[in-house]
Amino acid sequence: MNRRTLLTGGAVGALAVVLPVGAEGAPLVKARTDAEIYGVPTVDPLISQRADPWITRPVNGTYYFTGSVPEYDRLVVRGASSIEGLATAEESVIWRRPTSGRMGGHIWAPELHRIGGKWYIYFAAGDAGDVFRIRTYVMESALDDPRDPAGWTLKGQLITEWDGFTLDATSFTHRGRQYLVWAQSEPEIAVNTSLYIAEMANPWTFRSKPTRIATPTKSWEIIGFKVNEGPAVLIRNGKVFITYSASATDANYCMGLLTAPAGADLLQRASWTKSPDPIFVSNEATSRFGPGHNSFTVAEDGKTDVLVYHARDYKQITGDPLYDPNRHTRVQKVYWHEDGTPLLGIPVGSGGPIVRLSPSDRPRSFVKHVGDAFQVAHAPRELELTQFRFVKAADGTETVQSVDQPTKFLVVSGATVSLGTTGTPVTRIAARGGGVHIRVAPGQFLHHRNGQLTVAAKATEFKLS
19 MNRRTLLTGG AVGALAVVLP VGAEGAPLVK ARTDAEIYGV PTVDPLISQR
69 ADPWITRPVN GTYYFTGSVP EYDRLVVRGA SSIEGLATAE ESVIWRRPTS
119 GRMGGHIWAP ELHRIGGKWY IYFAAGDAGD VFRIRTYVME SALDDPRDPA
169 GWTLKGQLIT EWDGFTLDAT SFTHRGRQYL VWAQSEPEIA VNTSLYIAEM
219 ANPWTFRSKP TRIATPTKSW EIIGFKVNEG PAVLIRNGKV FITYSASATD
269 ANYCMGLLTA PAGADLLQRA SWTKSPDPIF VSNEATSRFG PGHNSFTVAE
319 DGKTDVLVYH ARDYKQITGD PLYDPNRHTR VQKVYWHEDG TPLLGIPVGS
369 GGPIVRLSPS DRPRSFVKHV GDAFQVAHAP RELELTQFRF VKAADGTETV
419 QSVDQPTKFL VVSGATVSLG TTGTPVTRIA ARGGGVHIRV APGQFLHHRN
469 GQLTVAAKAT EFKLS
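First residue of the sequence shown? That's 19 in our numbering, and the numbers climb one at a time after it.
Structure representation (structure tokens):
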């Protein structure tokens, strides 16, 4: 197996745990594989040339996907029993734009929602004579399967407070109330789009007046265009989180975060706090550029939150980035800080399942690299510095690959552990507590002591998460 295969994940993620006969460290419970620990598909991209991706939570055992197509001319839906299955699922065209008049222009950013026993698609459409006269429209289907074109009827335009550029509507229910969040240009505000929220009387009619909850003011929100758009809602840990996208749709595209207490009045602007810095940005090392317009779903275990987003594999774009077709749908795991806030890390590159390592004597701490040095840190926010892949070699040993520096691996020199370009082969040995000992040489193991990672004859048990 060559090095390129290793770096692109051709043999990544099998749990190479050695179980020596009669070994004292033999596990009392069956060890989970790295894929089971990570819990999210690692095929990347999941779906090519589909931007603004939306994956539902499973409905009657089926995940449904929709997104923008490069031609901006139709609405598509595909379904599968797993997230990974969406990659090869047949795609159904449930609607095509008319050849003239209203909705005959650009068709953008559809979202598929199950509300009150029916399916609804919110989407943005321009007109044939003015493709950028973007407004939001709503379609409805009473059929159980949203892939069936026969079920869909147009409910009409979503009529907002003022007639202006409107897109990226998303719906959610919280404490018995149905809300809509969307992006719109507001008269007399010198930005492209801001974010608004309102309560709904039904999926196509507002009950309340809109409240502007975010407008682009920060330096990372106004590159190319002054944009807050693409909201997505995640309710966890006593808080309502809204991720959103900012700046132009090139490599400057990135994601921000709004947070409100779950018990707050969501229609009050003061309930929402904007994080000062973006939470998800382009990454040169992993070759993922312009990550954004995300949605959230949940993995097959019903618990693991999944980030769904689009990004390109390259930075330089010829012409208008809006017409570059290679914004691909990708998925990766959402992690949670112990204070209840989400950790997205970086848009990860190609490869197998990702794990974090916690020494059993400090279960709320993680192995983390700082530059090329290693330490063990309590609940770090820099998720990407704590993420690794175990890459299996032909002889059964593994190397430990950094996720945010994929050309670097764990290297052992004497008792020193660092990152380098040539990884030290290691062997994982199942430990009695359900974790692993990591052997780096005969009789020598990774060892944690006082926040430092070193090598010793005494093995530290590491839990994988």
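We put the beta carbon where it would ideally sit given N, CA and C, even for glycine.
Suppose you measure from the CA of residue i to the CA of residue j; what does that come to, to the nearest Å?
i: E479; j: N78; result: 40 Å
i: M121; j: K333; result: 32 Å
i: H328; j: R254; result: 23 Å
i: M273; j: P294; result: 11 Å
i: F83; j: V61; result: 16 Å
i: G432; j: L64; result: 41 Å
i: T277; j: G169; result: 37 Å
i: R165; j: K136; result: 13 Å
i: I152; j: G367; result: 34 Å
i: R450; j: G194; result: 46 Å
i: R132; j: F190; result: 10 Å
i: V39; j: T445; result: Since pLDDT at V39 reaches only 35, below the 50 mark, its modelled position is unreliable, and the value read off the structure follows with that caveat. The alpha-carbon atoms of V39 and T445 are separated by roughly 16 Å.
i: A41; j: H455; result: Any answer about A41 is weak, because its pLDDT of 41 lies below 50 and its placement is not dependable; what the coordinates show is given next. C-alpha separation (whole angstroms): 12 Å.
i: K291; j: Y197; result: Before going further, note that residue 291 is Thr rather than Lys in the sequence given. Computed Cα separation, rounded: 18 Å.
i: H466; j: W354; result: 24 Å
Under the DSSP definition of a beta bridge, which residues are partnered with residue i?
i: I335; result: Answer is none; I335 lacks a bridge partner.
i: S86; result: A69
i: H355; result: In the DSSP output, where bridge partners are listed per residue, H355 has none listed.
i: P234; result: Answer is none; P234 lacks a bridge partner.
i: Y271; result: DSSP, once it has assigned bridges, lists no residue as partnering Y271.
i: Y12; result: The structure shown has nothing for residue 12, since the chain only spans 19 to 483.
i: Y214; result: W200 and R230
i: G320; result: Per DSSP, none; premise fails for G320.
i: H311; result: H311 pairs with nothing; no bridge assigned.
i: E109; result: R96
i: W170; result: S159
i: T220; result: At residue 220 the sequence reads Asn, which differs from the Thr that was named. Paired residues: T223.
i: S483; result: Paired residue(s): none; S483 is not in a bridge.
i: P360; result: W354
i: T277; result: F259 and T291
CB residue i to CB residue j, shorter than 8 Å?
i: A127; j: H311; result: yes
i: G414; j: V429; result: no
i: L130; j: T74; result: yes
i: I177; j: M157; result: no
i: T80; j: S110; result: no
i: P234; j: I240; result: yes
i: V352; j: D319; result: no
i: L93; j: I125; result: yes
i: S313; j: P71; result: yes
i: I5; j: S420; result: Because the chain is modelled from 19 through 483, residue 5 falls outside the range shown and cannot be assessed.
i: A475; j: G461; result: yes
i: W113; j: T154; result: no
i: S203; j: G174; result: no
Assuming residue i contacts residue j under a Cβ cut-off of 8 Å, what Cβ separation, rounded to an integer in Å, is found between them?
i: F298; j: P365; result: 7 Å
i: D379; j: S436; result: Wrong, their Cβ atoms sit about 22 Å apart, outside the cutoff.
i: A69; j: G85; result: 6 Å
i: A280; j: K257; result: 6 Å
i: A397; j: K386; result: That belief does not hold up - the Cβ atoms of A397 and K386 are roughly 10 Å apart, past 8 Å.
i: K481; j: S376; result: 5 Å
i: W238; j: P309; result: Incorrect: roughly 13 Å between the Cβ atoms, too far for contact.
i: V245; j: N210; result: 5 Å
i: E302; j: P228; result: Between P228 and E302 the Cβ distance is about 38 Å, and since that is not below 8 Å, they are no contact.
(message) Report the start-end ranges of each beta strand (DSSP E) in the segment 410-456 that is 3 residues or longer and not cut off at the edges.
(response) 416-420, 427-431, 434-438 and 445-448
(message) Please give the ranges of any beta strand (DSSP E) in the segment 114-144, keeping only runs that are unbroken, at least 3 residues long and fully inside the region.
(response) 125-133
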